[in-house]
Amino acid sequence: MNILSPIEIAYIAGIIDGEGTITLTTHKKGCYPSPTITVASSDYELISWLKKTINAGQIIKKKNYNPDKHKDSWSYVLKYNNVLTLLEYIEPYLVIVNKKKRAELILNEYKKLTPRNGRYSEETLNQKGLFYKKFMELN
482 MNILSPIEIA
492 YIAGIIDGEG
502 TITLTTHKKG
512 CYPSPTITVA
522 SSDYELISWL
532 KKTINAGQII
542 KKKNYNPDKH
552 KDSWSYVLKY
562 NNVLTLLEYI
572 EPYLVIVNKK
582 KRAELILNEY
592 KKLTPRNGRY
602 SEETLNQKGL
612 FYKKFMELN
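Numbered according to the numbering used here, the sequence shown spans residues 482 to 620.
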């Protein structure tokens, strides 16, 4: 991930506040949900700027089932440790309370509850379940 200027950090926080999602998503079958940031837009220039500026993540073109009525759209998706790094930058700039609380919860608890080797003790697994429930209640 690139080192970001204060202006870029604030701008990215604004984009995520307005158009983005901070969530936990299961990316592989049988794995626990992991931090994910998604920004959807019909403005490819914005999505492309995010990927170039952050220097991580991927752009996914969404299927347009009705081109006569809808513009093409894309999603910028950031996963795993890249999310944690970006959240450290942008959390102080987030304005939307729900998104700020989700960012804080991920930053304060996710790494503590996720063993590097992927092997959970029964206690850690229970704590991870409570964390996930607490996170999902922040709607």
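Note that CB positions come from ideal geometry on N, CA and C, so glycine has one too. The model shown is predicted, which means the values in this text are computed figures rather than measured ones.
Excluding the five sequence neighbours on either side, which residues of its own chain have a C-beta within less than 7 Å of the C-beta of residue i, listed in chain order?
i, result
"THR504", "THR517"
Check whether the Cβ atoms of residue i and residue j lie closer than 8 Å to each other.
i, j, result
"SER556", "ILE541", "yes"
"THR502", "PRO514", "no"
"MET482", "THR566", "yes"
"ALA537", "ASN579", "no"
Going along the chain, which residues of its own chain have a beta-carbon closer than 8 Å to the beta-carbon of residue i, five neighbours each way excluded?
i, result
"LEU586", "PHE612, LYS615, PHE616 and LEU619"
Helix, strand or coil: how does DSSP classify residue i here?
i, result
"PRO596", "coil"
"LYS552", "coil"
"ALA537", "coil"
"SER529", "helix"
"LYS582", "helix"
To the nearest angstrom, report how far apart residue i and residue j are at their CA atoms.
i, j, result
"LYS509", "THR595", "16 Å"
"ARG583", "LYS552", "30 Å"
Does the stretch 543-557 come close enough to the stretch 570-580 to have 3 or more Cβ pairs within less than 8 Å? no
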